[in-house]
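Colleague:
In our numbering, the protein residues as written are 40 to 282.
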């Protein structure tokens, strides 16, 4: 008989729903909803308590190197700037205009073009490999009396220029070797300045291309997570199963 009693279906005690007169106020909060809300409240309360304790025990003379790159907002809360945003503020007016008007493919083409120019100029301006030019003589006396300038028929100031060692007749009667050397140095300085300008241009185009790629990925949508590391903002997309 006892088994029969336990097998009888008992009444289910359900939580009541929102009454019709209060339906405009939304769903009635259940026990599980209250539990989640209470846990969230107490977690925030504990965190605030810990932060107040840290602020109370804070040493006013403390220092750490992160302070160099950290700023505070109007509420006194510290934050780190995004390096990409800082780099964008340093862009020239032409680069900012390019960021607003052109697409990533055009910017990438221009950046690769600048890279090729930089590689070519660096190869031209790179110091030449050191080497030796050995001259053989017949006796020790000839070795002692050997004059490199007379042997190569050039000026003494041009002896170390293996790649561009001009002869005296090429220098001309009115051209002095020192003046020629100064002219070569001026030309090298000018080319180095042009190389620096190309490098800066390539850096700006790389920043513009990176921002355009990020904007294009953000426009695609999808579930993503914002990740902030060392003041740099990146996004991590949720992996989707391929069909």
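C-beta: ideal position from N, C-alpha, C; glycine also.
Residue 266 and residue 275 look like a contact to me (Cβ under 8 Å); what is the Cβ gap, rounded to whole Å?
Modeller: Along the chain shown, read from residue 1 onward, the residue named residue 266 stands at position 227. Along the chain shown, read from residue 1 onward, the residue named residue 275 stands at position 236. About 5 Å separates the two Cβ atoms, so the contact holds.
Colleague: Tell whether a beta-carbon distance below 8 Å holds between residue 244 and residue 150.
Modeller: In the chain shown, residue 244 corresponds to position 205, counting from 1. In the chain shown, residue 150 corresponds to position 111, counting from 1. Yes; because the gap between Cβ atoms is below 8 Å, this pair is in contact.
Colleague: Using a Cβ-Cβ cut-off of 7 Å (strictly less than) and excluding sequence neighbours within five positions of residue 68, which residues of its own chain qualify?
Modeller: For the purposes of this step, residue 68 is identified with residue 29 of the chain shown, where counting begins at 1. Taken in chain order, the list of residues that qualify is empty.
Colleague: Could you tell me if residue 78 is buried or exposed, where buried requires 16 or more neighbouring beta carbons within 10 angstroms of its beta carbon?
Modeller: The residue you call residue 78 lines up with position 39 of the chain shown. Residue environment for residue 78: exposed (fewer than 16 other C-beta atoms within 10 angstroms of its C-beta).
Colleague: Would you check if the distance between the CB atom of residue 241 and the CB atom of residue 153 is smaller than 8 Å?
Modeller: Position 202 of the chain shown holds residue 241. Position 114 of the chain shown holds residue 153. In contact: residue 241 and residue 153 (Cβ atoms closer than 8 Å).
Colleague: Here's the rule I'm using: 16 or more other beta-carbon atoms within 10 Å means buried, otherwise exposed. How should residue 248 be labelled?
Modeller: On the chain shown, position 209 is the one that residue 248 refers to. Residue 248 is buried by the Cβ-count criterion.
Colleague: Measuring straight from C-alpha to C-alpha, what distance separates residue 216 and residue 103?
Modeller: Within the chain shown, the letter at position 177 stands for residue 216. Within the chain shown, the letter at position 64 stands for residue 103. Only weak support is given to the placement of residue 216: the predicted model assigns it a pLDDT of 49, under 50, and the value that follows is read from those uncertain coordinates. The straight-line gap from Cα to Cα measures roughly 57 Å.
Colleague: Per DSSP, what kind of secondary structure is residue 267 in: helix, strand or coil?
Modeller: One-based indexing of the chain shown puts residue 267 at position 228. Residue state, collapsed to three classes: strand.
Colleague: So, are the CB atoms of residue 160 and residue 90 less than 8 Å apart?
Modeller: For the purposes of this step, residue 160 is identified with residue 121 of the chain shown, where counting begins at 1. For the purposes of this step, residue 90 is identified with residue 51 of the chain shown, where counting begins at 1. No, they are not a contact pair.
Colleague: Classify residue 105 as helix, strand or coil using the three-state DSSP reduction.
Modeller: Locating residue 105 in the chain shown gives position 66, where the first residue counts as 1. Note: residue 105 maps to helix in three-state DSSP.
Colleague: For residue 64, does the count of other Cβ atoms within 10 angstroms reach 16, so buried, or fall short, so exposed?
Modeller: As a position in the chain shown, residue 64 is number 25, starting the count at 1. By the 10 Å Cβ count, residue 64 comes out exposed.
Colleague: For residue 51, name the three-state secondary structure that DSSP assigns.
Modeller: Here the question's residue 51 lines up with position 12 in the chain shown. Correct three-state label for residue 51: coil.
Colleague: Under 8 Å Cβ to Cβ from residue 173, same chain only, skipping five residues before and after it: list those, please.
Modeller: Residue mapping note: residue 173 aligns to position 134 of the chain shown, counting from 1. Within the same chain, no residue comes within 8 Å of residue 173 by CB-CB distance, once the 5 residues on both sides are set aside.
Colleague: Which same chain residues end up closer than 7 Å to residue 111 when comparing Cβ atoms and leaving out the 5 residues on each side of it in sequence?
Modeller: For the purposes of this step, residue 111 is taken as residue 72 along the chain shown, with counting starting at 1. The answer, listed in chain order, is 117.
Colleague: Would residue 255 and residue 85 qualify as a contact pair, given that the criterion is a beta-carbon distance under 8 Å?
Modeller: Taking the first residue of the chain shown as position 1, residue 255 is located at position 216. Taking the first residue of the chain shown as position 1, residue 85 is located at position 46. Not closer than 8 Å, so no.
Colleague: Go to residue 83, then tell me how far its beta strand (DSSP E) extends in each direction, as first and last residue.
Modeller: Along the chain shown, read from residue 1 onward, the residue named residue 83 stands at position 44. Taken as a continuous stretch (DSSP letters only), residue 83 belongs to no beta strand (DSSP E), being part of the alpha helix (DSSP H) at 70-95.
Colleague: Rounded to the nearest angstrom, how far is the Cβ of residue 108 from that of residue 93, given a contact under 8 Å?
Modeller: Your numbering for residue 108 matches position 69 in the chain shown. Your numbering for residue 93 matches position 54 in the chain shown. Not really, about 21 Å apart at Cβ, beyond 8 Å.
Colleague: Please go through the same chain and pick out, in chain order, the residues whose beta-carbon is closer than 8 Å to the beta-carbon of residue 55, but skip the five residues on each side of it.
Modeller: Here residue 55 is taken as the residue at index 16 of the chain shown, counted from 1. Cβ within range, chain order: 67.
Colleague: Measuring CA to CA, which of 250, 280, 252, 246 is closest to residue 262?
Modeller: Your numbering for residue 262 matches position 223 in the chain shown. Comparing Cα-Cα distances from residue 262 to each of 250, 280, 252, 246, the minimum goes to 280.
Colleague: Name the residue from 250, 246, 236, 252 whose alpha carbon lies nearest to the alpha carbon of residue 157.
Modeller: Position 118 of the chain shown holds residue 157. Out of 250, 246, 236, 252, the CA that lies nearest to the CA of residue 157 is found in 236.
Colleague: Work out the CA separation of residue 72 and residue 57 for me, nearest whole Å.
Modeller: Mapped onto the chain shown, residue 57 falls at position 18. Mapped onto the chain shown, residue 72 falls at position 33. Cα to Cα, the separation comes out at about 14 Å.
Colleague: Taking the alpha-carbon positions, what's the residue 106 to residue 59 distance?
Modeller: Within the chain shown, numbered from 1, the residue matching residue 106 stands at position 67. Within the chain shown, numbered from 1, the residue matching residue 59 stands at position 20. Taking the straight line joining both Cα atoms gives about 58 Å.
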